[in-house]
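Here the structure comes first, spelled out in structure tokens, and everything after it is commentary.
Protein chains: 2
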Amino acid sequence: MRRLSVQLPGEVRDRSYPILIGPGLLDDGATLRNWVSGREVFILTNATVAPLYLARVEAAFSDCRLGTLVLPDGESHKHLGTLDRIIGALLEQRHSRSTTLLALGGGVIGDMTGFAAACYQRGVDFIQVPTTLLAQVDSSIGGKTAVNHALGKNMIGAFHQPRGVLIDTDVLATLPQRELAAGLAEVIKYGCIRDLQFFAWLESNMPALLARDPDALAQAILRSCETKAEVVALDERESGLRAILNFGHTFGHAIETHTGYQSWLHGEAVAVGMVIAARLSAALGMLSAADADRIEALVRAAGLPTAPPSDLGAAAFLDHMAVDKKVVDGRLRLIVLDGLGSAVVRGDIEQGVIVATLLAAGAPHE
Amino acid sequence: MRRLSVQLPGEVRDRSYPILIGPGLLDDGATLRNWVSGREVFILTNATVAPLYLARVEAAFSDCRLGTLVLPDGESHKHLGTLDRIIGALLEQRHSRSTTLLALGGGVIGDMTGFAAACYQRGVDFIQVPTTLLAQVDSSIGGKTAVNHALGKNMIGAFHQPRGVLIDTDVLATLPQRELAAGLAEVIKYGCIRDLQFFAWLESNMPALLARDPDALAQAILRSCETKAEVVALDERESGLRAILNFGHTFGHAIETHTGYQSWLHGEAVAVGMVIAARLSAALGMLSAADADRIEALVRAAGLPTAPPSDLGAAAFLDHMAVDKKVVDGRLRLIVLDGLGSAVVRGDIEQGVIVATLLAAGAPHE
Numbered sequence: 000m001r002r003l004s005v006q007l008p009g010e011v012r013d014r015s016y017p018i019l020i021g022p023g024l025l026d027d028g029a030t031l032r033n034w035v036s037g038r039e040v041f042i043l044t045n046a047t048v049a050p051l052y053l054a055r056v057e058a059a060f061s062d063c064r065l066g067t068l069v070l071p072d073g074e075s076h077k078h079l080g081t082l083d084r085i086i087g088a089l090l091e092q093r094h095s096r097s098t099t100l101l102a103l104g105g106g107v108i109g110d111m112t113g114f115a116a117a118c119y120q121r122g123v124d125f126i127q128v129p130t131t132l133l134a135q136v137d138s139s140i141g142g143k144t145a146v147n148h149a150l151g152k153n154m155i156g157a158f159h160q161p162r163g164v165l166i167d168t169d170v171l172a173t174l175p176q177r178e179l180a181a182g183l184a185e186v187i188k189y190g191c192i193r194d195l196q197f198f199a200w201l202e203s204n205m206p207a208l209l210a211r212d213p214d215a216l217a218q219a220i221l222r223s224c225e226t227k228a229e230v231v232a233l234d235e236r237e238s239g240l241r242a243i244l245n246f247g248h249t250f251g252h253a254i255e256t257h258t259g260y261q262s263w264l265h266g267e268a269v270a271v272g273m274v275i276a277a278r279l280s281a282a283l284g285m286l287s288a289a290d291a292d293r294i295e296a297l298v299r300a301a302g303l304p305t306a307p308p309s310d311l312g313a314a315a316f317l318d319h320m321a322v323d324k325k326v327v328d329g330r331l332r333l334i335v336l337d338g339l340g341s342a343v344v345r346g347d348i349e350q351g352v353i354v355a356t357l358l359a360a361g362a363p364h365e
Numbered sequence: 000m001r002r003l004s005v006q007l008p009g010e011v012r013d014r015s016y017p018i019l020i021g022p023g024l025l026d027d028g029a030t031l032r033n034w035v036s037g038r039e040v041f042i043l044t045n046a047t048v049a050p051l052y053l054a055r056v057e058a059a060f061s062d063c064r065l066g067t068l069v070l071p072d073g074e075s076h077k078h079l080g081t082l083d084r085i086i087g088a089l090l091e092q093r094h095s096r097s098t099t100l101l102a103l104g105g106g107v108i109g110d111m112t113g114f115a116a117a118c119y120q121r122g123v124d125f126i127q128v129p130t131t132l133l134a135q136v137d138s139s140i141g142g143k144t145a146v147n148h149a150l151g152k153n154m155i156g157a158f159h160q161p162r163g164v165l166i167d168t169d170v171l172a173t174l175p176q177r178e179l180a181a182g183l184a185e186v187i188k189y190g191c192i193r194d195l196q197f198f199a200w201l202e203s204n205m206p207a208l209l210a211r212d213p214d215a216l217a218q219a220i221l222r223s224c225e226t227k228a229e230v231v232a233l234d235e236r237e238s239g240l241r242a243i244l245n246f247g248h249t250f251g252h253a254i255e256t257h258t259g260y261q262s263w264l265h266g267e268a269v270a271v272g273m274v275i276a277a278r279l280s281a282a283l284g285m286l287s288a289a290d291a292d293r294i295e296a297l298v299r300a301a302g303l304p305t306a307p308p309s310d311l312g313a314a315a316f317l318d319h320m321a322v323d324k325k326v327v328d329g330r331l332r333l334i335v336l337d338g339l340g341s342a343v344v345r346g347d348i349e350q351g352v353i354v355a356t357l358l359a360a361g362a363p364h365e
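Protein sequences appear in the order of chains A and B. According to numbering that gives the first Met the number 0, the first sequence is numbered sequentially starting from 0. According to numbering that gives the first Met the number 0, the second sequence is numbered sequentially starting from 0.
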């Protein structure tokens, strides 16, 4: 087992928390119980994960009053209506301000559980037990919680840090291949934005990762979590550096909004977004065409899409991007690479260059 | 004009903010503009307040991109559905993370605007311009924001402090008498929990307050805001002291939940709650019967109700109270007085004593 820490100061108490990574950790009941300060626990999971892993997690809380809510699976349920349902279940089961919520699932469950914890009675504790690769390497760490609005992804949310993140690498054995690939998109992202050596390691080890070699997966998760924890500790509220974690995401969110959070997985949309952002970086003369090719090749090697949906025109793309959270005072800010393994935020990119990049990526004009 | 300050430290920046109190402040555009850091402003108000005061507030932001949303008036609209509508309006009008929301209205507008500001893109700035006495002396100060759930009042919310609170005492001239009285309930509360001298002053000046004597109202608002700011600065997140501000509120919330947030104003429910809490304090031997009588007499003198709705039985009362945020690990915590002008939190009160007090207050047995 490996142990990392997200280092965060606090006004009232230190908000630093551990990330544990290893096989079989779902059965480490003592650790889970230790992260609960009261005697009330409420587990949120979904219909896919519950039959596989819920009972093992519940076993940790035999001395607690335990509630469970099994939600339908999928990003299309990540909205205020589901939040209302979660809060209703907490109230019906009389959970108090000293309860702890536990997210057992992927990014959707983690984001909703975290936001419910941020809001319920103005804030209760929560724990992340991510069961998808994407949640393990990205969304479960860093305290970004949210639900979607019909007009924009993650537009209703809060910064609310978990008390701990428990990553059982064994659960990836049951993950559908498409979900595994979606998680690899975020893994590739860390290489692109901050770690050239890791990018090269991924190029060599992609076949092992896709074959779910436990050592390769553990290494990829560890390195991803290290990078994420480091960036979050430096800039929790995304006033600067943390924005680089959104590499590929502004383009990706446009795809997700366009497709109604239904047909594309988040990681798939981010994969295409990274390819476009790499091409944009090349168009700006900041990244070599060869390095942009390397990114596209690695994305393709992971079994991920590299082109946007054929019915998403460049104009609509820009329109969706204009509501992104990276817009500040009317200016779109994009994450681009100034070399492979190094990302910067740019707020001065000509719209014409973006449009040309989108068209070159295959987006129709209208 | 009087200027107070809520003193709050911050991890990233100092979060202290000013409260300005005086006549005609709605026309102090320079102050309002100065509290906006970007160039985007979104005003939330309701159909009652908008025709009276909206144009004067809008005038402050002639150099900003300005959006406005006029909501229906009333506590029954303080729910997630309205939050969804607010977020939708912000997204449609392309407000970015650097926008500032402004609450122009009473407690409902303030609570919803504050929560929308806490959630929109994971947090934007907001300003409070309270137009009811209740909002001026209580809900606009201290950063408690929330919406109601069908199963409980203020159950979905956040601590999110405004950048400033502008209290124009002239606006009380247009306030319906019933709303004025509801605000006086919270004013009386400050006397009960922390300020015997102020309580006595209120006993002498209640006729002047009800006649809207400007000097008397200004004095009552100032003293109330001073007390609120002091308590919030000492315990922002309500880990201890701040709970005394909920004197009368647990009983009051039960009345509001029972009546569906429709027929009773918050201040009216709190008024009855304070009378019950005072009687409970007397039953516990902590407060003299004479002082409980003084509280009931002052509540009555303000034109406020002193008995709960006749169809709310003691058992249902307890049931509603059991979902209150003051419940910790299954134990109901209530604010009681250990003498007039001094409040304490008690978590060990026998249910039999509470039931007897409710029955004596006029609640039917079932």
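Backbone N, C-alpha and C fix where the C-beta goes; we use that ideal spot for every residue, glycine too.
Supposed contact pair residue j and residue i - C-beta distance, whole angstroms, cut 8 Å
i	j	result
T131(B)	L174(B)	6 Å
I254(B)	P308(B)	6 Å
R193(A)	G340(A)	6 Å
E185(A)	L133(A)	6 Å
F41(A)	L82(A)	At roughly 14 Å, the Cβ-Cβ gap does not stay under 8 Å, so F41(A) and L82(A) are not in contact.
Y16(B)	Q160(B)	6 Å
Whole-angstrom distance between residue j and residue i, CA atom to CA atom
i	j	result
A180(A)	A313(A)	26 Å
E74(B)	G21(B)	27 Å
L366(A)	S95(A)	In the structure as shown, chain A begins at 0 and stops at 365. Residue 366(A) is therefore absent and cannot be evaluated.
I243(B)	R241(A)	39 Å
L65(A)	A58(A)	10 Å
W34(A)	R162(A)	6 Å
A88(B)	I294(B)	45 Å
L358(B)	R222(B)	34 Å
N204(A)	L25(A)	26 Å
L31(B)	M0(B)	15 Å
V322(A)	Y52(A)	37 Å
E349(A)	M285(A)	14 Å
P8(A)	Q261(B)	43 Å
H364(A)	L279(A)	17 Å
P129(A)	T112(A)	11 Å
Q135(A)	G190(A)	16 Å
G346(B)	D137(A)	41 Å
Q176(A)	S139(A)	20 Å
E178(B)	A149(A)	36 Å
G23(A)	I126(B)	49 Å
D318(A)	K152(A)	14 Å
D212(B)	W200(B)	14 Å
Beta carbon of residue i nearer than 8 Å to that of residue j
i	j	result
G156(B)	C63(A)	no
H76(A)	V107(A)	yes
T249(A)	M154(A)	no
I86(B)	L68(B)	no
A145(A)	R38(B)	no
V344(A)	I353(A)	no
A102(A)	G109(A)	yes
A281(A)	A270(A)	no
Backbone secondary structure at residue i - three-state DSSP
i	result
D167(B)	strand
H319(A)	helix
A362(B)	coil
A145(A)	strand
I140(B)	coil
R330(B)	strand
G338(B)	coil
T47(A)	coil
S95(A)	coil
G9(A)	coil
I18(A)	strand
V230(B)	helix
E57(A)	helix
query = Whole alpha helix (DSSP H) runs in the region 240-315 of chain B with 4 or more residues, listed along the chain?
reply = Listed in chain order, the complete alpha helix (DSSP H) runs (minimum 4 residues) inside the region 240-315 of chain B are 248-257, 265-282 and 288-300.
request  = Could you name each continuous beta strand (DSSP E) segment of 3 residues or more that falls completely within the region 103-130 of chain B, going from the start of the chain to the end?
outcome  = Within the region 103-130 of chain B, the complete beta strand (DSSP E) runs of at least 3 residues fall at 124-129.
request  = Ignoring anything shorter than 3 residues or poking outside the region 147-212 of chain B, list the beta strand (DSSP E) runs there in chain order.
outcome  = For secondary structure counted as the beta strand (DSSP E) over 3 or more consecutive residues, the region 147-212 of chain B holds these complete runs in sequence order: 151-158 and 164-167.
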